[in-house]
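This report refers to the structure that appears directly beneath it.
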Amino acid sequence: MKTELSKLRQQLENKRDSRGRISAAIRRDALIILERAHQAGMSYRPISKEIGVNVHTLHYWRETT
Numbered sequence: 006m007k008t009e010l011s012k013l014r015q016q017l018e019n020k021r022d023s024r025g026r027i028s029a030a031i032r033r034d035a036l037i038i039l040e041r042a043h044q045a046g047m048s049y050r051p052i053s054k055e056i057g058v059n060v061h062t063l064h065y066w067r068e069t070t
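The opening residue of the sequence shown carries number 6 in the numbering used here; numbering runs sequentially from there.
Right, here's the structure in full:
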C-alpha cells in the first residue's frame with residue numbers, strides 16, 4: 006500500500022495547475038486509492054502525510070467528489 010501511495014504522491018505533484026490545484030477527475034482517481042488504504046486500516050492523517058496533501062483537504066475531497 007505504501008508504494009501505491011508514493012506513486013499517487015508523484016502523480017499529484019505532477020498534475021497540479023499553476024495555482025497548485027488538482028482537477029476533479031484526478032481527485033476521483035486518488036480517492037479510490039485513498040479509500041482502499043483506509044479500508045486496509047490506515048487512518049486519514051498518515052495517508053495525507055504519505056501523499057503530501059493536508060488531511061482537511063482529503064476530507065473536503067471526500068465530501069465534494
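For every residue, glycine included, the Cβ atom is placed at its ideal position computed from N, Cα and C.
DSSP state of residue i mapped onto helix, strand, coil
i: K12; result: helix
i: D22; result: coil
i: V58; result: coil
i: T69; result: helix
i: A45; result: coil
Range covered by the alpha helix (DSSP H) that runs through residue i
i: S28; result: That residue, S28, is in no alpha helix (DSSP H); it is neither H nor E in DSSP.
Expected contact under 8 Å - CB spacing of residue i and residue j to nearest Å
i: M6; j: A42; result: 5 Å
i: V58; j: L17; result: 7 Å
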